[in-house]
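Numbering (my numbering) for the sequence shown: 69 to 592.
For every residue, glycine included, the Cβ atom is placed at its ideal position computed from N, Cα and C.
The structure appears below as structure tokens.
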Amino acid sequence: MNLSTKMLTPQDVSAIKARYPDAFQRSFLKRFSTVLCFAVVAVYMIYVSWFFAIGKVFSEGNWNIAGSYLADWVSYEIRPDIDYRTGEILIEFPRFSPLGAEPDPEWIATERGTVTLIEKKQTASKPSTPSTSGSFMAPGSATGGGELSFMAPDSSATNTGANSSNAPAPDNNAEPQTVTREGINQAEIVFSNTAKVIVTPDIVTVMNGEESLAIDVDPINETVIPRDSLPEWALQKRENEKIFINFGFAGRAEIRAKEVKIMRRFFGWENFFFDTNSPYWGQSFTEVVGNVFSSQRLSENRSNISLLVDNFLNNAEWQHGDVYIKLLQTIVMAFVGTLFAVLIAFPLSFAAARNITLNRFLNQILKRFFDFLRSVDMLIWALFFTRAFGPGPLAGISAIFFTDTGTFGKLYSEALENIDDKQREGVRSVGASPAAVQRFGVVPQVLPVFASQALYFWESNTRSATIIGAVGAGGIGLKLWEAMRTNQDWENVFYMVILILIVVFAFDAVSNALRSRLIGKQQS
């Protein structure tokens, strides 16, 4: 057959357009659908930004605090107070300082010299004369002496010691007295090579880079007065009140009238392996290894290796042992809750599948039951069971079990309804019983899918168990929430987050490997 090509004339083109107008004249929506979609998305984003005041949130957000919180994840602060209210420099550390009971850090240097202590002299005021007027219970006598009565005994008999009316009263308006002696008259706190604070009883000098700031402090009148204008790294909210100094990651300082509060930051996690009460505290790695294999015991009741393990697990600051137990509880919660959900949802899904159980009423009842279980979020179930059983892993297991039973029931029943009936009919054609038909004609088709979904939810529930644990359902989630509530132990929070990530990554790898094997067997 010969095919010839012919050029269309304008009349032919017009005829084709008239015959098929929809092909050549698209509607307005079809022509501008892409532009309209972008416009709708833009309008929606503008509305969302206005409704949630995103711009205001970003503009008024305190990013310095956010940066400090992030820095707390990977660092710690040591907070000594430099007190000079008496005229002498006193360095005080918190009770539970990371530096131990007697801290002497190398970044704090002191100088001794002559100090002038400020003391208030207690002067006595004139003694008051006893009153001779009586009361209606015991009126005074005409001679001026006090009436003796069991209701109001004589004041001379009752007012004794410190409560006597003749005792001198201290005069609070007395002039402060000074005493000169030897003591600490200067402290230097080094934050970095270019930042430090020099404290004396009347002047605090701050050096940050090439800039310096001298501040006059008066403990008596309680004033803080900078000699020059404040640089960018210094802030004074009210006149004559405390000044905030920001050294960046190195730390902060608050200069007050009677003391300077130091917040010195160091990178790392303080006392991660051993707390200050451990005999291994402050030792290097080689010293710890040497003590472990040493014949000389650090404790009379146990070996050195046993002492090392005990001190690590029972670290008062990090509580490694308790964290590991809570993490194991989270894993058990996810595993047991998922396992029970699979065991219950598996037989119920056969009854809910329309092609397996030919009872529409039972099918609908079970499917609505599955909808009810999964429509209530796992977090709500956790709150409910926490109230019922109390805080602990049982509440978390129950929450996972209820939610996943509904989810597995729906997924499994839908998978059963989509099976190939040829395999089932083949088993039925050889005279197999109904149970054998389901066993050999249905289960081999859906078992890899069921197992794959169960493994995925097991890995997912490991993450979910952390969240529901925060509401009291046990596990590491509760421990994580307790650390966050202190608003200080952010390094502990980061430590637990890392452990959770490690567990999730490990479970994800195991789940993917098992699913790959199941899918591979099914395909082969």
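ask   = Considering only residues of the same chain and omitting the five flanking positions on each side of LEU303, which have a CB-CB separation below 6 Å?
value = Closer than 6 Å at Cβ, skipping near neighbours: PHE312.
key: Close Cβ partners of GLU485 (< 7 Å) along its chain, the five nearest in sequence each way excluded   = Within the same chain, GLU485 has close Cβ partners ALA421, ARG422 and ASN423.
key: Nearest to ALA519 (by Cα), restricted to the options VAL410, ILE535 and SER127   = Comparing Cα positions, the closest option is VAL410.
query = What separation, rounded to the nearest whole angstrom, lies between the Cα atoms of THR77 and TYR112?
reply = 49 Å
Length of the line joining the Cα atoms of ILE252 and LEU158 = 7 Å
query = Going by the beta-carbon positions, is the gap between LYS394 and ILE544 smaller than 8 Å?
reply = yes
key: Sequence-distant residues of its chain with Cβ nearer than 8 Å to GLU156 (five each side left out)   = VAL183, LEU185, GLY251, ILE252, ASN253 and PRO269
task = Compute the beta-carbon to beta-carbon distance between PHE337 and ASP343, rounded to the nearest angstrom, for a pair I have assumed lies under 8 Å.
result = Just to set this straight, residue 337 is Trp in the shown sequence, not Phe. Actually they are not in contact, since the Cβ atoms of TRP337 and ASP343 sit about 12 Å apart, beyond 8 Å.
ask   = Grouping DSSP H, G and I as helix and E and B as strand, with all else coil, what is GLY208?
value = Confidence in GLY208 is poor, its pLDDT being 46 and thus under 50, which makes the residue's placement unreliable; the coordinate value appears in the next sentence. Three-state result, GLY208: coil.
message = Just to confirm the assignment, what range does the alpha helix (DSSP H) spanning LYS649 have?
response = With the chain covering only 69 through 592, there is no way to say anything about residue 649.
ask   = Which residues share a DSSP beta bridge with GLU256?
value = Paired residues: ALA177 and ILE266.
ask   = For ASN383, which residues of its own chain have a beta-carbon under 6 Å away from its beta-carbon, when the five flanking residues on both sides are left out?
value = When the five nearest sequence neighbours on each side are left out, the beta carbons in the same chain lying within less than 6 Å of the beta carbon of ASN383 are those of ASP343, in order along the chain.
message = Strictly by DSSP, which residues pair up with MET275?
response = LYS264 and SER280
query = Straight-line CA distance for HIS388 to VAL267?
reply = Roughly 39 Å separates the two Cα atoms.
ask   = How would you write the range of the beta strand (DSSP E) that GLY319 sits in, first residue to last?
value = 319 to 323
query = Touch check for the segment 442 to 453 and the segment 462 to 470: three-plus C-beta pairs under 8 Å?
reply = yes
Distance, GLN397 Cα to ASN314 Cα = Approximately 42 Å between the Cα atoms of the pair.
message = Pairs of beta-carbons, one from the segment 358 to 369 and one from the segment 168 to 177, closer than 8 Å: are there three or more?
response = no
Runs of alpha helix (DSSP H) wholly within the segment 365 to 417 (minimum 4 residues, chain order) = 372 to 381
Opening and closing residue of the beta strand (DSSP E) in which ARG332 lies = 327 to 335
Three-way DSSP call (helix, strand, coil) for LEU298 in this model = coil
ask   = Would DSSP call GLN245 helix, strand or coil?
value = strand
query = Using the rule of at least 16 other Cβ atoms within 10 Å of the residue's Cβ for burial, across every protein chain shown, is GLU355 buried or exposed?
reply = Exposed, because fewer than 16 other Cβ atoms sit within 10 Å of the Cβ of GLU355.
query = I think LYS310 touches ILE323, with their Cβ atoms under 8 Å apart; what is that distance to the nearest whole Å?
reply = Here LYS310 really is in contact with ILE323; their C-beta atoms are around 6 Å apart, less than 8 Å.
key: Of the listed residues ALA121, PRO299 and SER417, nearest to VAL514 (C-alpha basis)   = Looking at ALA121, PRO299 and SER417, the one whose alpha-carbon comes closest to that of VAL514 is SER417.
key: PRO299 and GLU279 closer than 8 Å at C-beta   = yes
request  = Just list the beta strand (DSSP E) runs in the segment 504 to 567, keeping only unbroken ones of 3 residues or longer that don't cross its boundaries, in chain order.
outcome  = Qualifying beta strand (DSSP E) stretches: none in this window.
inquiry  = Can you tell me which residues form a DSSP beta bridge with PHE573?
reply    = Paired residue(s): none; PHE573 is not in a bridge.
key: Exposure of TYR88, with buried meaning 16 or more beta-carbon neighbours within 10 Å   = exposed
ask   = How do the segment 524 to 535 and the segment 428 to 441 stand: do at least 3 beta-carbon pairs fall below 8 Å, yes or no?
value = Touching, no, given that fewer than three Cβ pairs across the two stretches are closer than 8 Å.
query = How is PHE315 classed by DSSP in three states: helix, strand or coil?
reply = PHE315: coil per DSSP, three-state reduction.
query = What is the rounded straight-line gap between the Cα of ILE288 and the Cα of MET331?
reply = 25 Å
Integer Cβ distance of ALA255 from ILE176, believed to fall under 8 Å = 6 Å
key: Under the three-state DSSP convention, the category SER117 falls into   = helix
key: Among PHE403, ARG365 and SER346, the one whose alpha carbon lies nearest that of ASN379   = Of the candidates PHE403, ARG365 and SER346, the one whose C-alpha sits nearest the C-alpha of ASN379 is SER346.
message = Let me confirm a value: LEU138 is counted as buried when at least 16 other C-beta atoms fall within 10 Å, else exposed. Which label applies?
response = exposed
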